[in-house]
Amino acid sequence: MNVFPNVAPGPTVRELANPSRRAVQAGWNVLWTGVTGLATLWIVLIVGVILGTIVIGGWRTVTPTFLLGNPENGMTEGGIFPAIFGTVLLVLLMIIAVLPVGVLAAVYLHEYARANSPVTRAVRFAVNNLAGVPSIVFGLFGLGFFIQFVGRGIDGALGQGVLFGQPAIVWAALTLALLNLPVVIVSTEEALRAVPRSAREGSLALGATRWQTVWHVVLPQALPGVLTGAILSVSRGAGEVAPILFTGAAYYLPYLPTALTDQFMELGYHVYVLATQSPNVEQTLPLLYGTVLVLLLLTFALNFTAIVLRARLRRRMGLRD
Amino acid sequence: MPAPPLLARPVDHRRRRIDRLAEMAIAASALITVTGIVLIFVFVFREALPVLFDRETQLEANLAKFFSPGSWQPVSDVPKYSLLPLLIGSLKATLIAVLTAVPVAVLAALYTAEFAPRAIRELLKPVVELLAGIPSVVLGFFALIVLATGVQAVTGSPTRLNAFNAGLALGFSIIPVVYSVSEDALRAVPSSYREASLALGASAWQTAFRVTLPAAWAGIFAAVMLGLGRAVGETMIVLMASGNAAITSWSAFDSIRTMSATIAAELAEVVVGSPHYSTLFFIGSLLFAITFVLNVAAGLMVERMRRRLAGA
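From first to last, the protein sequence lines are chains U and Z.
Reading the first sequence from the start, the letters are residues -13 to 307 in the numbering used here.
Reading the second sequence from the start, the letters are residues 85 to 396 in the numbering used here.
So, in structure tokens, the structure goes:
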């Protein structure tokens, strides 16, 4: 704390004894501020160049006909509507699966469990490590568990040929749901932490049960945090390609998915396909840039909403403390 | 006339039932989270079991073949199943990513925590979040179409898509996690440390490098391990930007095929239950094990630092 803000700090005793030392220290300060500042600038530059390239390369392509049209001529012309439709359907299914489980698991951690019981520790351990499993491993899991085990199992029970034991949008959505479980749990828990203790005590004192307190008092107040988690997981779900490679994404489909057992086209996968499997990269380049731009806009719009919601939540939390 | 009982309806059965149901749903949800990670391990490993125990599979693919020098040609007439080219590929890409990203991310975190004016600090957070929000397939696209051309122009490497190009793009993807975990660690250092150092006459950079940085060491180490884990497992970037040729070489400018990209590229085409299929799941199990160890270690480091700083 500088008591006299307008007075520059004077030299230390050492510096008075050796005035050149002060200049040397000032030099080092400038040098290291510069070096660390340059590292920061480098990051800003990376972000700027990536986004700039994509916007410049793509904005001309993104027209209503591009957004609402079907791929044509072996995907070298036309639009990306089926991919957008598939992406939206996929993340909707995912969020239906992940939101209740994630929110309830967070409620367990914060409202029901004792802080350091073995079960709580196991759940926390699982949440932390689930978040670090590579997305391709989730893809393997989706194939090995949902398709080969659950899907084949259902088919065996139904006895009507292969219906569930093959890649399908429901399996891709469930795989993504598991991948995003930590996202929902972490942000819901953060929101639960912001709900004041007095709200719970008041509710319990009025005779409400534990669940009534959670459902009518705590969760409504935590809603922004729950929404943040939901939106972040949607944004991540829309961008992940590796988990859906073998669980349901299709290279090209002439129809839109209408049943849970249908395959689907997806924006991220479409980017991958256009970038690596196109017969004529030069010709498809504008389409590719356009698709990337749409995917980016979609994820950024979602992230931005989540960031705004979270900032509002944090501010509320700050006022309470 | 006797007074009515204090509680008109002493036991509300419906309310109780709902409460019990809710409690069960909540416990089940918590359980799903724990089962999730167990199931991942069990079911990825289960499909890899034939390469360890099934005689017929082992004729074609077994541990001895995996880890002896050779090439990765699982679909040729005489299939070859050496994982060494893939391991080297993953190692090269990860090393390049860590070497290019960690110094940048840690220095930037140091800048934010120690040197930056408040306005810049506030501005930087959304920029890093923006980078974190870019889907990896988009980074892969960028590396494939734009970055590769630039890298080739600067380095004059014969192949456009090589380990360096993929590693650089991989580095972009781990900068956010290394930066934010490092910054958290630096911020967790109590300000009394800094004040004491400054009061003793140390300059700002001396305080940053000799007091704050050493105090946050465990957290920064954790950040690096988390970054490593991400880089090893990341798939789409290396799949698109590395050239995917399984070459055994230590040059940064040869094409590589990583473990993750091999799974992504080949699994869709293999026959379920074949030796090739089991081998790909075996690679997946390896990836899972490597990242799991890195994550657990990082978690322990963060925990340790938190406890030490709390004790201080």
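Yeah, the Cβ is synthetic: ideal placement off N, Cα and C, and Gly gets one too.
Check                                                                                                                                                                           : Outcome
To the nearest whole angstrom, what separates the beta carbons of I215 of chain U and T174 of chain U, a pair I think is in contact under 8 Å?                                  : The sequence given here has Gly at residue 215 of chain U, not Ile. Contact flag correct, Cβ pair sits at about 5 Å.
Going by DSSP, what residue range makes up the alpha helix (DSSP H) through A33 of chain Z?                                                                                     : With chain Z represented from 85 up to 396, any question about residue 33 of chain Z goes unanswered, as that position is not in the structure.
Do P359 of chain Z and T141 of chain Z have their C-beta atoms within less than 8 Å of each other?                                                                              : yes
Tell me the rounded alpha-carbon separation between P134 of chain Z and H256 of chain U.                                                                                        : 34 Å
Mapping the DSSP letters down to three states, classify Y258 of chain U as helix, strand or coil.                                                                               : helix
Measuring straight from C-alpha to C-alpha, what distance separates V(-7) of chain U and V230 of chain Z?                                                                       : Low confidence applies to V(-7) of chain U: its pLDDT is 49, below 50, so where it sits in the model is not reliable enough to give any reading.
Around the C-beta of W301 of chain Z, are 16 or more other C-beta atoms found within 10 angstroms, so that it is buried, or is it exposed?                                      : exposed
Taking P272 of chain U as the reference, which of U:G43, U:T22, U:G23 has the closest Cα?                                                                                       : U:G43
Applying the criterion that 16 or more other CB atoms from any shown protein chain within 10 Å of the CB defines a buried residue, is T270 of chain U buried or exposed?        : buried
Check whether the Cβ of W289 of chain Z lies closer than 8 Å to any Cβ atom in chain U.                                                                                         : yes
Could you give the residue range of the alpha helix (DSSP H) that holds S335 of chain Z?                                                                                        : Run containing S335 of chain Z: none; DSSP gives neither H nor E here.
Just to confirm my understanding: we take L378 of chain Z, look at its own chain, exclude 5 residues before and 5 after, and list those with CB closer than 8 Å. What are they? : M309, L310, L312, G313, V316
Give a yes or no on whether 8 Å exceeds the smallest Cβ distance from E107 of chain Z to chain U.                                                                               : yes
For A111 of chain Z, go through chain U and note every residue whose CB falls closer than 7 Å to its CB, in chain order.                                                        : Y94
To which residues of the same chain is A336 of chain Z closer than 8 Å at the C-beta, ignoring the five residues directly before and after it?                                  : K176, I180, N246, A247, F248, G251
What three-state label does DSSP hand Y263 of chain Z in the structure shown?                                                                                                   : helix
Checking contacts by CB at 8 Å: is R296 of chain U closer than that to chain Z?                                                                                                 : no
Rounded to the nearest angstrom, how far is the Cβ of I172 of chain Z from that of T332 of chain Z, given a contact under 8 Å?                                                  : 6 Å
Who are the neighbours of S184 of chain U on chain Z, taking C-beta pairs under 9 Å?                                                                                            : Within chain Z, no residue comes near S184 of chain U; the closest Cβ sits about 22 Å away, beyond 9 Å.
Of the choices U:M61, U:A83, U:G13, whose alpha-carbon is the least far from that of V267 of chain U?                                                                           : U:M61
What would DSSP say about G55 of chain U, mapped onto helix, strand or coil?                                                                                                    : coil
Please list the segments of the beta strand (DSSP E) lying wholly inside the stretch 89 to 148 of chain Z, counting only runs of 3 or more residues, in order along the chain.  : none
Under a Cβ-count criterion, where at least 16 other Cβ atoms within 10 Å of its own Cβ denotes burial, should F365 of chain Z be classed as buried or exposed?                  : buried
Could you tell me the boundaries of the alpha helix (DSSP H) in which G234 of chain U lies?                                                                                     : G234 of chain U -> no alpha helix (DSSP H), and no H or E assigned at all.
Could you pull the DSSP bridge partners for E63 of chain U from this structure?                                                                                                 : U:E58
Compute the Euclidean distance between the alpha carbons of L242 of chain U and F250 of chain U, then round it to the nearest angstrom.                                         : 7 Å
Would you mind telling me which residues of chain Z sit closer than 9 Å to N289 of chain U, beta carbon to beta carbon, in chain order?                                         : E213, L214, A216, G217
Would you say S344 of chain Z lies against chain U (beta-carbon separation less than 8 Å)?                                                                                      : yes
Quick one, which residues of the stretch 122 to 148 of chain Z are near chain U if we go by CB-CB under 7 Å, in chain order?                                                    : L123, I124, F127, V128, R130, E131
So, does the CB of A237 of chain Z fall closer than 8 Å to a CB anywhere in chain U?                                                                                            : no
Can you tell me whether DSSP reads W156 of chain Z as helix, strand or coil?                                                                                                    : strand
How big is the Cα-Cα spacing for R104 of chain Z and S219 of chain U?                                                                                                           : 30 Å
Name the residues in the stretch 178 to 199 of chain Z whose C-beta lies less than 9 Å from a C-beta of chain U; which are they?                                                : P187, V188, A189, V190, L191, A192, A193, L194, Y195, T196, E198, F199
Within 10 angstroms of the Cβ of V66 of chain Z, are there 16 or more other Cβ atoms? Answer buried if so, exposed if not.                                                      : Residue 66 of chain Z cannot be examined here, being either before or after the span of chain Z that is shown, 85 to 396.
Is the separation between the beta-carbon of G151 of chain U and that of R138 of chain U shorter than 8 Å?                                                                      : yes
Using only alpha-carbon positions, find the residue among Z:M324, Z:G383, Z:R388 that is nearest to F226 of chain Z.                                                            : Z:M324
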